[in-house]
Amino acid sequence: MSFTEPLPPTLRLASTGTLTYGLSVGEVLGVPALSGASVIAGESGLGRVVQRLNVMEVPDILGWVKPHELLLTTGYPLRNTPQSLGHLVADLDERGLAAIAIKLGRYLDGLPDEMLEQADRLGFPLILLPNDVGFDDVLNQVLTDILNRQAAILARTEEVHRALVQIVLCGGGLQEITDEVAAVIGAAVAVVDGDGNELAASGDERHLAAVREGGPGPGDYGAHGDRTTVPVVAGGYTYGRMTAVADTAPEVGMLERAATVAALVITKQQAVSAVESKYRADFLRDVLTGRPGGGDEHVVAHSASFGWDLGRPVMVVVAELDRGPAGVPDERMLQDRLTAALTSAVRRRDRKGAVAGFSHEVVAVLGADTCDVTTLAKDAAAVFTDAGRTFSIGVSRTAAVPGDLPAAYDQAVKAVRVGRQLHGDGAVAHFDQLGVFRLLSLVGDTAELHAFVEETLGELAGDGDPEAVDLRRTLQVLLETNLNVAETARRLHFHYNTLRYRIGKLERLLGPFTEDAHLRLNLTLALHVLRMRGI
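The sequence shown begins at 1 in full-length UniProt numbering and counts up one residue at a time.
Here it is as structure tokens:
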């Protein structure tokens, strides 16, 4: 079903926030009761919208008028205050009135030149009514036309809504909806998500270019100049916005109905995507934990159905959110955003790479020769910056066949955690570049590691005594410089004799490490384990 001849109503946002239809001042002058009326000033404002009518019965009318009103008067309330007429037009225009229609001769012989000049300057129509026109005829005929217009538009909107729903029921998506809406309202239409990414667009190129150049922001809904923007909302959540651009701002009501249907399509797509994502994530988790079944050939064939290539040499990349402030309520949302950011970065570099979000990490399996992980991390971080959080990344060795993936996954997990401890938040650590820390990370019994530290360093193992921490720092620099006393004194800004005294004290606590190479190795390993505290 398609509609190609849209009815062009005049539509504006009333002060109450309710969308209402109206007639232009020029259209109002076409009703039979006003056939003898004439515009004596402000003719450039005939496009102003009339949504209601009012009769001026009191001099202080400004407190009673509403936007988009046509004000009818005999001039009786103004007969004794001609000096105020010069400011009346500006005051009424400031309150959003559409026009004023006046009878002359009985109470006012004419309007001052200042009033006419101001009406021309502001484009505020001043309409001269014939003396034989009854206000009741004007009220009845204009209000009837406004209501008829609104009824016709609402009926047509309902008809279009049914057509759009039918499109969805027949399997159509956002593109089919925007195609239909663009044809119905004669405008270029685009749907964008909350980040401004275009989801679907349709219409002539000139107006589409105007849509994409920008305009009102996400909160500036309604008609603005040549465009109309409405939110795409479902279940209290705003998924984005729909914008239509034409020579004049398209009607809001039609676009709102279309946006409602678009929201249903988006929620349906997200539900399907969520199920598919969970299925992919479950399969990848089984592969990485060694539970896929069927052997390597099955893994390769099944992953190909997702668009992944796990049969080539690959590496496993694990990304974890770094610790944030306590009591953060949106941790799940941040995890989803990290998944989306890493997925986007991977897709640009390795179309056959696998990405899935797990409960506390995001895992990617990439071609070993297709991607620089440091650049990948920077791209993902650039998308993720507005979240106010950082993430760390660990990279495995190359896995030649799917059967090597569980070991590679374990390496990447160790790399991300050791890398964060060694280099802080936002680290990118390769398992092969961890050196001795790689070997220490392979020790599964952390209690044994901590016992080794306490046995080797003794009083220097804890952080409670500032003097012990200071001596441990001296020991670390001595070992790093291969017992070069002069270089150690320079780095620590100690006098040579002070350092010699400290070395003596260290040997009384730890043993003759300056002479015992085996003891020096133990001390070095113990200091490395301390750097990995928490792993």
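C-beta atoms are modelled at their ideal positions from N, C-alpha and C, and glycine is treated no differently.
Just so it is clear, the structure is predicted and the values come from calculations on it, not from any experiment.
TODO: Measure the C-alpha to C-alpha separation of N522 and Y409 and round it to an integer number of angstroms.
DONE: Stepping through the sequence shown from its first residue, residue 522 is reached at position 522. Stepping through the sequence shown from its first residue, residue 409 is reached at position 409. Put simply, the backbone Cα of N522 is about 30 Å away from that of Y409.
Start and end residues, beta strand (DSSP E) containing I503:
Your numbering for residue 503 matches position 503 in the sequence shown. Here I503 belongs to no beta strand (DSSP E); instead the alpha helix (DSSP H) covers Y496 to L510.
ask   = How about the stretch 228–242 and the stretch 21–32: do they share at least three Cβ pairs that are nearer than 8 Å?
value = Taking 8 Å as the limit for Cβ pairs, the verdict is that the stretch 21–32 does not touch the stretch 228–242.
- Message: Could you tell me the alpha carbon to alpha carbon distance between H302 and K278, rounded to whole angstroms?
- Response: Locating residue 302 in the sequence shown gives position 302, where the first residue counts as 1. Locating residue 278 in the sequence shown gives position 278, where the first residue counts as 1. So the alpha carbons of these two residues sit roughly 15 Å apart.
Can you tell me whether DSSP reads G424 as helix, strand or coil? Here residue 424 refers to the residue found at position 424 of the sequence shown. G424 falls in the coil class under three-state DSSP.
| message | I'd like to know whether the C-beta atoms of A382 and I393 end up nearer to each other than 7 Å. | response | Position 382 of the sequence shown, counted from the first residue, corresponds to residue 382. Position 393 of the sequence shown, counted from the first residue, corresponds to residue 393. Contact check for A382 against I393 fails: the beta carbons are separated by 7 Å or more.
Thinking G353 and A364 are a contact (beta carbons under 8 Å), I'd like their distance in whole angstroms, please.
-> Taking the first residue of the sequence shown as position 1, residue 353 is located at position 353. Taking the first residue of the sequence shown as position 1, residue 364 is located at position 364. Taking 8 Å as the upper bound for CB-CB distance, G353 and A364 are in contact here, some 6 Å apart.
TODO: Give the DSSP bridge partners of D193, in chain order.
DONE: Start at 1 with the first residue of the sequence shown, and residue 193 comes out as number 193. Paired residues: G240.
Note to self: Using C-beta distances below 6 Å, list every residue in its chain close to L434, excluding the 5 sequence neighbours before and after it, in chain order.
What the structure shows: Here residue 434 refers to the residue found at position 434 when the sequence shown is read from its first residue. Answer for L434: V418, listed in chain order.
task: Report the three-state DSSP secondary structure of R490 (helix, strand or coil).
output: Walking along the sequence shown from the start, residue 490 turns up at place 490. The answer is helix: DSSP assigns R490 an H, G or I state.
| Rounded C-alpha distance that separates A412 from A183 | Within the sequence shown, residue 412 is the residue found at index 412, counting from 1. Within the sequence shown, residue 183 is the residue found at index 183, counting from 1. Each residue's Cα considered, the two are about 53 Å apart.
Query - Span of the beta strand (DSSP E), counted from its first residue to its last, around V39 - result: For this step, residue 39 is matched to residue 39 along the sequence shown. S38 to A41 is the extent of the beta strand (DSSP E) around V39.
| What are the boundary residues of the alpha helix (DSSP H) that residue 536 is part of? | Since the first residue shown for the chain is 1 and the last is 535, residue 536 is missing from the structure and cannot be characterised.
Okay, do the stretch 130–141 and the stretch 160–173 touch, 3+ Cβ pairs below 8 Å being the bar? With a cut-off of 8 Å, the stretch 160–173 and the stretch 130–141 do not count as touching, because too few Cβ pairs lie within range.
With three or more C-beta pairs closer than 8 Å as the rule, is the stretch 251–265 touching the stretch 230–239? Note that the stretch 230–239 touches the stretch 251–265; at least 3 beta-carbon pairs, one per stretch, sit closer than 8 Å.
Looking only at its chain, what residues have a beta carbon closer than 8 Å to the beta carbon of L525, apart from the 5 residues adjacent to it on each side?
Position 525 of the sequence shown, counted from the start, is the residue given in the question as residue 525. Within the same chain, and ignoring the five residues on either side of L525 in sequence, the residues whose Cβ sits closer than 8 Å to its Cβ are V436, L440, F452 and T456.
For L460, count neighbouring C-beta atoms within 10 Å of its own C-beta (all shown protein chains included) and say buried if the count is 16 or more, exposed if not. Residue mapping note: residue 460 aligns to position 460 of the sequence shown, counting from 1. Answer is buried; the Cβ neighbour count reaches 16.
**Prompt:** Do you know offhand how far A200's Cα is from M242's?
**Reply:** Here residue 200 refers to the residue found at position 200 of the sequence shown. Here residue 242 refers to the residue found at position 242 of the sequence shown. Distance between the alpha carbons of A200 and M242 is about 10 Å.
So G240 and V191 are supposed to be a Cβ contact under 8 Å. How far apart are they, rounded? Locating residue 240 in the sequence shown gives position 240, counting from the first residue. Locating residue 191 in the sequence shown gives position 191, counting from the first residue. With 8 Å as the limit, G240 and V191 qualify as a contact, their Cβ atoms being about 6 Å apart.
If we count the other Cβ atoms within 10 Å of its Cβ and call it buried at 16 or more, is R347 buried or exposed? Within the sequence shown, the letter at position 347 stands for residue 347. Counting of Cβ neighbours within 10 angstroms places R347 among the exposed residues, the total staying below 16.
| query | Do the stretch 419–433 and the stretch 333–347 make contact, defined as three or more Cβ pairs closer than 8 Å? | reply | Judged by Cβ distances under 8 Å, the stretch 419–433 makes no contact with the stretch 333–347, as fewer than three pairs qualify.
Residue nearest to D141 in terms of C-alpha spacing, selected from G96, D93, A33 and S202: As a working mapping, residue 141 is identified with position 141 in the sequence shown. Looking at the sequence provided, one finds Gln at residue 141 rather than Asp. Nearest of G96, D93, A33 and S202 to Q141, Cα basis: A33.
Cβ-based burial, K414 [other Cβ within 10 Å; buried from 16]: For the purposes of this step, residue 414 is taken as residue 414 along the sequence shown, with counting starting at 1. Around the beta carbon of K414, a 10 Å sphere encloses 16 or more other beta carbons of the protein chains shown; the residue is thus reported as buried.
(message) If distances are taken between C-alpha atoms only, which option among M115, R95, G75 and D93 comes closest to Y107?
(response) Position 107 of the sequence shown, counted from the start, is the residue given in the question as residue 107. That would be G75, whose Cα lies nearest to the Cα of Y107.
> Can the beta-carbon of V39 be found less than 7 Å from the beta-carbon of I127?
Replying inline: Taking the sequence shown and counting its residues from 1, the one referred to as residue 39 is at position 39. Taking the sequence shown and counting its residues from 1, the one referred to as residue 127 is at position 127. Their beta carbons are under 7 Å apart, which means V39 touches I127 by this criterion.
Worksheet item: Taking buried to mean at least 16 other C-beta atoms within 10 Å of its own C-beta, is T144 buried or exposed?
Response: The sequence position of residue 144 within the sequence shown is 144, counting from 1. Sixteen is the threshold: since fewer than 16 other Cβ atoms of the shown chains lie within 10 Å of the Cβ of T144, the residue is exposed.
Item to check | Helix, strand or coil at A271 [DSSP, three-state] | outcome: Here residue 271 is taken as the residue at index 271 of the sequence shown, counted from 1. For A271, the three-state secondary structure derived from DSSP is helix.
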